[in-house]
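This note's numbering applies: residue 75 is where the sequence shown begins, and numbers increase by one. Data block below; observations after.
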Amino acid sequence: MRVAIIRHAEVNFNWSRRCTSGKFDSECIEYDHSPIKNVTYSIPQIAYRRIYVSELSRSKDTAEILFPGETYFESGLINEVPLKSSFDTKMNMPLWFWNLTGRLQWVINCKRQVEGYRQTRKRAKEFIELISKDGMDAAVVTHGFYMHTLLQEMKKAGFRIENSSVKFKNGECVIAEDA
């Protein structure tokens, strides 16, 4: 079984360079509801029997560009890891600060974040069980930060991973093959 894990297309959204905690939280929500840029991406030609998308529109919209007219199987198990500000403040902080501190809280399973590392790993394992049970070549259109956990758990489950990187670009594809 071969699985193409694809990061969604670029989102048509401009983040504020500096913002308060409230502004950051509202921009995270706005980003999740923003359209994608209609760009062409190249992915390996495999006879995909199943195409999985997350519940976030940018995932399905990307699948519609890559696999027009196909049936998509939607799953919250492959949603992006949600992100919130790390604390409440009216001070304008740089965007990198909010991203870094929010993800650090995710790593330590801080309750301020909607989901912690353990929960993300659990979702990834459940998704791997689902696709393994199906046993079909598949495409998975998901999200950049979540891809790291998914690929890590796939390796633990015995998948061979090709062309993995540290930071996944929009439209980037990683192939995982069941050993």
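Don't be surprised by glycine CBs; every beta carbon is placed ideally from N, CA and C.
Check, Outcome
"Where Ile-139 falls: helix, strand or coil (DSSP)", "helix"
"Check whether Ser-131 and Asp-106 have beta carbons under 9 Å apart", "yes"
"Pick from His-217, Val-240 and Asn-237 that is closest to Glu-129, judged by C-alpha positions", "His-217"
"Nearest to Val-181 (by Cα), restricted to the options Ile-117, Tyr-191 and Ile-205", "Tyr-191"
"From Pro-142, Arg-186 and Ile-139, residue whose alpha carbon lies closest to that of Asp-162", "Arg-186"
"Where the alpha helix (DSSP H) through Arg-192 begins and ends", "191–208"
"9 Å Cβ cutoff met for Arg-81 and Ala-212", "no"
"DSSP state of Thr-175 mapped onto helix, strand, coil", "helix"
"Given Glu-84 as reference, the closest of Pro-142, Arg-234 and Ser-108 once Cα atoms are compared", "Ser-108"
"Where Asn-153 falls, given that 16 or more other Cβ within 10 Å makes a residue buried", "buried"
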